[in-house]
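Letter by letter, the sequence shown follows residues 1 to 307 of full-length UniProt numbering. One structure is given here, and the rest of the page talks about it.
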Amino acid sequence: MDSKSHNKHLHPLEVTEENESTAILDTYRYVNGRRFHNVTGVEYFMPNDEQEISRLEMSHLLVKYLWQNNFSSPIHEKLTNENMRVIDIGCGTGKWSLEMAEMYPKVTFIGIDISPVFPTETKFSNVTFFLANVLDGLPFEKNTFDFVFQRFLTSSYTNKQWEKVINELIRILKPGGYLELMEKDNNWISIGPSSKILQESFLKLLGEKDINPSMNFKIEQLLKDSNQLIDINIETKDILLGSPGGRFGELPLKNQLEAFDHMIPYLSSYMELSIKEFKNKYLDTIPMEVNKYKTFIKCYRHWGRKI
């Protein structure tokens, strides 16, 4: 389908001038040589440099392989046949939106993030990316989107912010549309002594920021408490890390270790360790522990339909 025929399926969405003109130079800060977002009020520990972008790309591929699809909500047929609108909250590199745009050419996709790590140009005319922070409210009218998708943000919102975020996502969702949230659990299961110390320190750090590391256990209730969603579902998958999980265990372990490595500016300081000590004591020993204790993590998808 050429660009001209593509465009007739688009439904231009108005965004605020403020979001369009956000100065990129104001969105970065640097800690120990790593680049991070510079958005006030957002407790996000991961950098947004090339190393982290590469890790996020791998995260997308891993969860897609785990689930064998990009979403669980029962909307494939509608996406295939109807001119729908879909928004990807916290889109990161935009990989999910780009794949979806190619798969469903009749649908308009919008990806938003607080950091400009998404593409500035794409070969698909039915996908657009721009800077926006859901915590500030999204620049869309209520009942705008047929599908609202969000993932990998359990460590980004405080307890109070979660309720606000869910209400905002439901606000922009059309009646009959689906909201889907996909998250990996921060709690590793069946862990060794070094892994336990690292995990407890990380979870304590999150707790001091009022971030609930076990939010996956509360999302269902938050969706129910909104009194705006029905047909609420939960699906879980286990990821066995390291050699016990075979090829698909080694790659997620590598991805998880890279995540801890990318958080070193925060974690090493919080644990009162030098970067070298942190790597020697934890990152170098965890792979052996994971294999010995057959450590695994859980991945969750929650979805529901707006009344």
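Ideal placement from N, C-alpha and C gives every residue a C-beta, glycine not left out.
- With fewer than 16 other Cβ atoms from the protein chains shown falling within 10 Å of its own Cβ, P193 counts as exposed.
- Remark: C-beta atoms of N159 and D210 approach each other more closely than 7 Å.
- Looking from the CA of M84, the closest CA among T120, E52, N126, W67 belongs to N126.
- A straight line joining the alpha-carbon of C91 with that of S59 spans about 12 Å.
- Remark: C-beta atoms of L223 and L229 approach each other more closely than 7 Å.
- Residue environment: N212 is assigned as buried (16 or more neighbouring CB atoms within 10 Å of its CB, all protein chains considered).
- Taking 7 Å as the cut-off, the beta carbon of S190 is found no closer than this to the beta carbon of Y104.
- The Cβ atoms of E183 and N216 lie closer than 7 Å to each other.
- For Y266, the enclosing alpha helix (DSSP H) has its first and last residue at 264-270.
- Under the DSSP definition of a beta bridge, D231 lacks any partner.
- Per DSSP, the beta bridge partners of C299 are K184, K237.
- Between L253 and G246, the C-beta spacing is not below 7 Å.
- For the beta strand (DSSP E) assignment, the uninterrupted runs of no fewer than 3 residues enclosed by the UniProt domain "Methyltransferase" (86-177) are, from N- to C-terminal side, 108-113, 127-131, 145-151.
- Burial state of T236 is exposed, judged by a 10 Å Cβ sphere holding fewer than 16 other Cβ atoms.
- Rounded to the nearest whole angstrom, the C-alpha separation of S155 and L135 is 14 Å.
- Non-local beta-carbon contacts of Y270 in its own chain, meaning distances under 7 Å to residues more than five positions away in sequence, involve S201, L205 in chain order.
- Residue I112 holds the alpha-carbon nearest to the alpha-carbon of F129 among L138, F140, I112, Q51.
- Listed in chain order, the non-local C-beta contacts of T93 below 7 Å within the same chain comprise I53, L56, E57, V117, F118, local neighbours out to five positions each way being set aside.
- For a cut-off of 8 Å, the C-beta gap from L138 to I114 is around 12 Å, too long to register as a contact.
- The beta-carbon separation of W303 and S72, rounded to 6 Å, stays under the 8 Å limit for a contact.
- Only buried fits G249, as 16 or more other CB atoms lie within 10 angstroms of its CB.
- In the DSSP assignment, K306 is bridged to L229.
- One Cα belongs to I87, the other to K78, and the distance between them is close to 15 Å.
- I307 sits exposed, since fewer than 16 C-beta atoms from the chains shown fall within 10 Å of its C-beta.
- In summary, E208 is exposed, with fewer than 16 beta-carbon neighbours lying within 10 Å of its beta-carbon over all protein chains present.
- Counting along the chain, N81 sits inside the alpha helix (DSSP H) bounded by residues 76-81.
- For K276, the uninterrupted alpha helix (DSSP H) segment begins and ends at 275-278.
- Contact between F296 and L257 does not hold, since their C-beta atoms are separated by about 15 Å, which reaches or exceeds 8 Å.
- Residue pairing by DSSP places L179 opposite V148, G304 in a beta bridge.
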